[in-house]
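Student:
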């Protein structure tokens, strides 16, 4: 969430291009009265400005009218920036000044398209009977660009409503309508979220744990309170002390996944998904160390999403024994969504706005930290995390500070590593060549060459080579290279069966044919494609398929929707979705399915109402969706873009509850060499 706000402020020109290393602090003492029914806010802010800041810009939402209660200060409107009014504040005094303001804030929900079939809602800020959402970007309190802040916040609402902000709170009896919050650590923004919540509280080692639900659900709250305590302990032990007085789960009134300092704002449907406790939830908790504990230096790239993804989402997969699959999925997402000419370095990543930016900022970012961990070792990597956190808590930091921390704990120069992986776009493409066995004095040696074939300079690589041996064991050798071509020789006591380069996908690189099978991500990541509707389907189904197709096509001019009857044969180029059991091209699709024995063929399977399969013709990705439940299609339209890593899926019922999911088996990789059997 902080990066959405940061992006908004950057676009509006409210943050200077070169931010000071230690911005001055503004003290806010806010007393706020809010009427959700009318969308009105009345506030008084007692401001203590930094010394010397007697002439500055100040911004408020254009729906608010301010007055200055101090004869030593003047406030003059000087223009507009988007939804904000810009004022010039002059203050001749040395003490605090009071700014009173009132008005309405009601910015509706907006839709942001992030990929084929994927979008999300967001708001600049709103006060309504459904709930209150106010971020710094909304301008609900006086914004002084380039400043950090501390605050106290006293909020009066109708009885039964509770306000949530960062820091410690909400007071002894918030259900009365009065909530009180205080944050003493330097902050980048003040959040105010409110609704008629049911509050559940606990504590973990001196840290308050809280859950705010829009309807009572003690069992759900208990699960989140217990999970919160567990994650706080785990991350504090690995990184350093938790930086805030509490962590709270707050239920939003639209579907969201926001991480604010000391709380997360998740949608009603999201918090009830069973897997969220082990995926998105630890991610949002960890952001209190990375992003909300150590701030992102906006000029040097958003490192926090990649590091948080690695230590939360990926770490959960590694603990579950599926780390290899998780790394391959990140490489595949990069291949599917980062198209020619759209790549950029990690130092240019600010926030996710589509599949490509997510594949770089989250996926490539996580893989770079994985490569650093493999290079330095687990203990040194964790020591680097602790050093980085201790040195930069509540300060802005970037890749330079990360490099410094890891160099200090490892005693190793990492300039070349960070220059290549943070400052350059792209990925290495590897080739294995000239593999041969040699025998010297009774010892077997494996020789060969690894080449980087991508355009441009080679990347520095710490690369694993795994040899499979006849006794069922294996041996892994790591080689370091900064060259286009790197020869290697490995001495063995047994004749090997096979040699594989990076078989566990430990290096961020281009996937080669055979290393990853076709999946839905190939379709949803394609810039151009065709969705073919079944002309012979019953009217209700045809209408449902058309609505699904139009939803996926919306915002993507490279995609077209047509009836299957418009084509005698399937076009041979571009991604293609076939919809419907009745689709005239289904037989063509079935011939392209990778392995009919590895997953269900396109026939009505017992217990499944909706089936999705993928296939390829050469390098052309294909997918087929068949259902007899027109009422299931809205749910499928919403859900399928989130199943990008799967090659086949099965669902039941109108709510499209998943009952079958899987990936097609991989084929042979060009980075694996199998040796001929020894002569008899």
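In mature numbering (1 follows the signal peptide of the UniProt record, and there is no 0), the protein residues as written are -19 to -1, 1 to 661. All C-beta atoms in this analysis are idealised placements derived from N, C-alpha and C, irrespective of residue type, glycine included.
1) Just to confirm my understanding: we take residue 350, look at its own chain, exclude 5 residues before and 5 after, and list those with CB closer than 7 Å. What are they?
2) Quick one: grab the DSSP three-state call for residue 251.
3) Relative to the C-alpha of residue 495, which residue among 660, 41, 633, 597 is closest?
4) Taking the straight line between their C-alpha atoms, what separation do you get for residue 237 and residue 511?
5) Just tell me which of 156, 174, 89, 137 has its CA closest to the CA of residue 113.
6) How about residue 492 and residue 312: do their beta carbons lie closer than 7 Å?
7) Helix, strand or coil: which one does DSSP assign to residue 313?
8) DSSP three-state call for residue 653: helix, strand or coil?
9) Would you list, in sequence order, the uninterrupted alpha helix (DSSP H) runs of no fewer than 4 residues that lie entirely inside the segment 207 to 256?
10) Got a sec? Which residues, its chain only, sit under 6 Å from residue 584 by beta carbon, not counting five neighbours each side?
11) Sort 415, 640, 78 by Cα distance to residue 468 and report the nearest one.
12) Keeping to the same chain, check which residues put their C-beta closer than 8 Å to that of residue 88; ignore five residues upstream and five downstream.
13) Can you find the residues in the same chain that come closer than 6 Å, C-beta to C-beta, to residue 556, ignoring five residues on each side of it along the sequence?
14) Rounded to whole angstroms, what's the CA-CA distance from residue 205 to residue 38? Just pull it up for me.
15) Please report the Cβ distance between residue 122 and residue 221, rounded to the nearest whole angstrom; I am assuming they are in contact, meaning their Cβ atoms lie under 8 Å.
16) Taking the beta strand (DSSP E) that residue 72 falls in, what are its first and last residues?
17) Look up residue 26 in the DSSP assignment and give the residues it is bridged to.
18) Give me, in chain order, the residues of the same chain whose beta-carbon lies closer than 6 Å to that of residue 133; leave out the 5 immediate sequence neighbours on both sides.
19) Which word fits residue 419, buried or exposed, when buried means at least 16 other C-beta atoms lie within 10 angstroms of its C-beta?
20) Three Cβ pairs or more, each shorter than 8 Å: is that satisfied between the segment 616 to 626 and the segment 528 to 535?
21) Which runs of the alpha helix (DSSP H) at least 4 residues long sit entirely within the segment 558 to 645? Give them in chain order.
22) Between which two residues does the alpha helix (DSSP H) carrying residue 400 extend?
23) With 16 as the cutoff for other CB atoms within 10 Å, does residue 61 come out buried or exposed?
24) Anyone know if the C-beta pair for residue 425 and residue 456 falls short of 7 Å?
25) Going along the chain, which residues of its own chain have a beta-carbon closer than 7 Å to the beta-carbon of residue 202, five neighbours each way excluded?
26) Compare the C-alpha of residue 301 against each of 260, 115, 28 and name the closest.
27) Starting from residue 172 and walking both ways along the beta strand (DSSP E), at which residues does that stretch end?
28) If you measure from the beta carbon of residue 114 to each beta carbon in chain D, is any gap under 7 Å?
29) Could you check what DSSP says for residue 199 in three-state terms: helix, strand or coil?
30) So the candidates are 115, 223, 130; which of them puts its Cα closest to the Cα of residue 209?
31) If you count every other CB in all the chains shown that lies within 10 Å of the CB of residue -6, and 16 or more means buried, which is it?
32) Relative to the alpha-carbon of residue 297, which residue among 516, 325, 258, 274 has its alpha-carbon at the smallest distance?
33) Can you find the residues in the same chain that come closer than 6 Å, C-beta to C-beta, to residue 253, ignoring five residues on each side of it along the sequence?
34) Determine contact between the segment 75 to 87 and the segment 35 to 55, defined as no fewer than three beta-carbon pairs at a distance below 8 Å.
35) As a quick exercise: from 355, 385, 452, 572, pick the residue whose alpha carbon is nearest that of residue 444.
36) So, helix, strand or coil for residue 522, using DSSP?
Tutor: The relevant details are as follows:
1) Excluding sequence neighbours, residue 350 sits near 287, 288, 291.
2) Here DSSP, grouped into helix, strand and coil, assigns residue 251 to helix.
3) Minimum Cα distance to residue 495 is reached at 597.
4) Straight across, the Cα-Cα distance linking residue 237 with residue 511 is about 30 Å.
5) In this structure, 174 is the residue among 156, 174, 89, 137 with its C-alpha nearest to the C-alpha of residue 113.
6) Yes, Cβ-Cβ distance for residue 492 and residue 312 is below 7 Å.
7) Residue state, collapsed to three classes: helix.
8) In this structure, DSSP gives residue 653 an extended state, which the three-state scheme calls strand.
9) Entirely contained in the segment 207 to 256, the alpha helix (DSSP H) runs reaching 4 residues are, in chain order, 249 to 252.
10) Interpretation of residue 584 is limited by its pLDDT of 47, a score under 50 that renders its predicted location unreliable; no figure is taken from the coordinates.
11) That would be 415, whose Cα lies nearest to the Cα of residue 468.
12) Contacts found: 64, 104, 105, 106, 107, 119.
13) Closer than 6 Å at the Cβ level, and outside the excluded window around residue 556, lie 504, 507, 510, 602.
14) So the two alpha carbons sit approximately 42 Å from each other.
15) At roughly 30 Å, the Cβ-Cβ gap does not stay under 8 Å, so residue 122 and residue 221 are not in contact.
16) Secondary structure note for residue 72: its beta strand (DSSP E) is the uninterrupted segment 65 to 72.
17) Residue 26 is bridged to 11, 80.
18) The answer, listed in chain order, is 10, 163.
19) When all chains shown are included, residue 419 counts as exposed.
20) Yes, the segment 616 to 626 touches the segment 528 to 535.
21) For the segment 558 to 645, the continuous alpha helix (DSSP H) assignments of 4+ residues that do not extend past its boundaries occur at 567 to 573, 614 to 620, in sequence order.
22) Run containing residue 400: 396 to 404, per the alpha helix (DSSP H) assignment.
23) Per the 10 Å Cβ criterion, exposed.
24) No; because the gap between Cβ atoms is not below 7 Å, this pair is not in contact.
25) The answer, listed in chain order, is 181, 192, 194.
26) Per the C-alpha coordinates, the member of 260, 115, 28 positioned closest to residue 301 is 260.
27) Careful: residue 172 lies outside any beta strand (DSSP E) and carries neither H nor E.
28) This model lacks chain D altogether, as it is built from one protein chain only.
29) Residue 199 falls in the helix class under three-state DSSP.
30) Considering only alpha carbons, the answer is 223.
31) The pLDDT assigned to residue -6 is 40, lower than 50, so where the model puts this residue is not dependable; a value taken from the coordinates is nonetheless given after this. Counting every other CB atom within 10 Å of its CB across the protein chains shown gives residue -6 a total of 16 or more, marking it as buried.
32) Answer by Cα proximity: 258.
33) So the list is empty, once near-sequence residues are dropped.
34) The segment 75 to 87, when compared against the segment 35 to 55, does touch it at the 8 Å Cβ threshold.
35) Residue 444 has its Cα closest to that of 355, out of 355, 385, 452, 572.
36) Here residue 522 carries a helix assignment [DSSP, helix/strand/coil].
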